[in-house]
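Sequence order for the protein chains is A and B. Taking my numbering, I'd label the letters of the first sequence as residues 34 to 204. Taking my numbering, I'd label the letters of the second sequence as residues 34 to 209. Even for Gly, the Cβ is constructed at its ideal location relative to N, Cα and C. Beneath this line is the structure, given in structure tokens, with notes to follow.
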Amino acid sequence: MNMIRKSLTALGAVFLLALLLAALAPKAAHGVAAALVQVANTAAAPAITEDLSKLPSQSVHLYCSPVCSQVFPNGNLTPSAFTVPATQSLVISTVELQASGGGDVILSQTNFSSGAGGNVTTESVTWVLYTAGPFQFEYPSGMVFAPGTTDLSIIFPGGGFANLYGYLSAN
Amino acid sequence: MKYAKRILMVAGALALAGILGVAIAPKAVHAVVASAVQVVNTAASPAITQDTSKQAAQVVSLYCAESPSLCNQILEGGGITGTAYTVPAGFHLVITSAHVFVVTPFTSPGSELYLQNTSSGEPYEYFNVPSGSSGASFDFGSGFSVAPGTGLSINEAFLSSAGSVIFYFHGYLTAN
């Protein structure tokens with residue numbers, strides 16, 4: 034009987050200690066346990082999702098002649114140069130060039146540089162065209178432009194205009 | 034002291050009862066803990082998702098000139114890095130497209146260039162640039178993977194004349 038009492042006392046002490054530890058455990062540990070769920074959708078009842086890049090609110094169409102302005106879903110063209118919003122990056126996935134002649138078509142952009150103490154304009158991408166005509170370039174993963182990028186321009190040596198298609202991403 | 038002992042004894046008895054209860058409880062109770070959830074969003078109210086390959090922070094664009102041949106990263110804030118690009122540790126770079134532009138045309142029969150692992154010289158992809166070619170665009174669909182820590186550069190399998198090209202490679206980083 035004494036043995037049972039002693040065992041129960043020891044077990045009780047361990048149990049109370051475990052309760053105390055559980056109460057004091059970091060909340061993150063609880064969070065991990067609560068985050069484990071399994072999505073059980075099937076081929077017959079798939080989860081309906083929409084990729085952020087396909088949302089009309091995130092999609093961006095720019096018309097560049099040579100400075101790029103935004104074309105809105107109603108067809109209106111903004112009169113001023115497009116500026117990438119401060120909290121998002123612009124990802125361009127398609128570039129369409131309508132060149133009146135051959136030569137090096139250059140993409141130029143302006144960004145604030147704290148090191149330079151002001152705005153800096155750079156030319157990072159070149160399309161070498163040999164003739165006039167329409168050209169389309171696909172970028173499945175996209176080309177990224179930083180928040181605040183402004184004065185995006187597509188400069189044609191022989192004249193022309195461009196359309197850029199992409200989306201805004203906060204990540 | 035006696036009182037404390039009694040409390041511990043009662044707690045011990047409760048713990049034993051709890052363990053017994055867990056052991057004999059119907060398995061359905063365990064199943065509830067691991068229960069699956071079903072996403073029931075509709076076309077009118079879809080769950081908004083974002084593929085990691087579409088996250089701006091994961092996207093990589095590289096510029097590789099034939100001379101020097103090392104690939105440099107195009108910065109989202111404009112310009113190109115001064116040092117050669119290396120795939121970050123812990124990530125694979127998946128290249129999904131390439132654009133080749135001929136700056137100075139090659140004479141016959143043209144040139145064959147390839148993207149290589151800079152340190153090992155192992156080729157990833159060959160590009161034929163025939164004489165008179167102005168270049169081409171390539172879409173790699175699901176892409177090809179470049180290992181963490183790898184530097185990339187362009188090399189020549191053969192070169193017929195002093196023509197020159199520039200390459201752009203585009204892709205994304207993934208930790209998986």
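Consult DSSP for Leu-69 of chain A and reduce its assignment to one of helix, strand or coil. Under the three-state reduction of DSSP output, Leu-69 of chain A falls in the coil class, being neither helix nor strand.
When B:Gln-71, B:Ser-175, B:Ala-76 are compared against Leu-126 of chain B, the one with the closest alpha-carbon: Ranked by how close their Cα comes to the Cα of Leu-126 of chain B, the residues B:Gln-71, B:Ser-175, B:Ala-76 have B:Ser-175 in first place.
Per DSSP, cross-strand counterpart(s) of Gln-131 of chain A: DSSP lists A:Pro-167, A:Phe-194 as the bridge partner or partners of Gln-131 of chain A.
Chain B within 9 Å of Pro-167 of chain A, Cβ atoms only: Closer than 9 Å: no.
Give me the Cβ distance between Pro-79 of chain B and Ile-187 of chain A, rounded to the nearest whole Å; I'm assuming they're in contact under 8 Å. Not really, about 34 Å apart at Cβ, beyond 8 Å.
Pro-173 of chain A to Leu-69 of chain A, Cα distance in whole Å? Those two C-alpha atoms are separated by around 32 Å.
Kindly indicate if chain B contains any beta-carbon less than 9 Å away from that of Pro-173 of chain A. Taking Cβ atoms only, chain B reaches closer than 9 Å to Pro-173 of chain A, which makes this a yes.
Segments of 3+ residues assigned as beta strand (DSSP E) that fall wholly inside the segment 96–161 of chain B: Listed in chain order, the complete beta strand (DSSP E) runs (minimum 3 residues) inside the segment 96–161 of chain B are 104–106, 125–137, 143–150.
According to DSSP, what are the bridge partners of Val-161 of chain A? Answer is A:Asp-137.
Contact list for Ala-133 of chain A against chain B, beta-carbon separation under 9 Å: Looking at the sequence provided, one finds Ser at residue 133 of chain A rather than Ala. By Cβ distance, chain B contributes nothing, its closest Cβ being about 17 Å from Ser-133 of chain A, past 9 Å.
Is the Cβ of Gln-71 of chain A closer than 9 Å to any Cβ of chain B? Under the Cβ criterion of 9 Å, Gln-71 of chain A is counted among the residues facing chain B.
Rounded C-alpha distance that separates Ala-77 of chain B from Glu-83 of chain A: C-alpha separation (whole angstroms): 10 Å.
Could you tell me whether the segment 100–107 of chain A touches the segment 160–169 of chain A, using the rule of 3 or more Cβ pairs below 8 Å? Flag = no, the segment 100–107 of chain A and the segment 160–169 of chain A do not touch.
Close beta carbons around Gly-193 of chain A, own chain, < 7 Å, minus the five adjacent residues each side: Once the five neighbours on either side are set aside, the close Cβ partners of Gly-193 of chain A are Leu-130, Gln-131, Ala-132, Ser-133.
Would you give the residue range spanned by the beta strand (DSSP E) that Asp-84 of chain A belongs to? Per DSSP, Asp-84 of chain A belongs to the beta strand (DSSP E) from 82–84.
Reference Ser-197 of chain B, options B:Val-72, B:Thr-129, B:Val-136, closest by Cα: Cα-wise, what sits closest to Ser-197 of chain B is B:Val-136.
Between Thr-82 of chain B and chain A, is there a C-beta pair that is closer than 9 Å? Closer than 9 Å: yes.
Select from the segment 144–163 of chain A all residues with a C-beta closer than 8 Å to any C-beta belonging to chain B, and list them in chain order. Within the segment 144–163 of chain A, the residues whose Cβ lies closer than 8 Å to some Cβ of chain B are Asn-144, Ser-146, Val-153, Thr-154, Thr-155, Ser-157, Val-158, Thr-159, Trp-160, Val-161, Leu-162, Tyr-163, listed in chain order.
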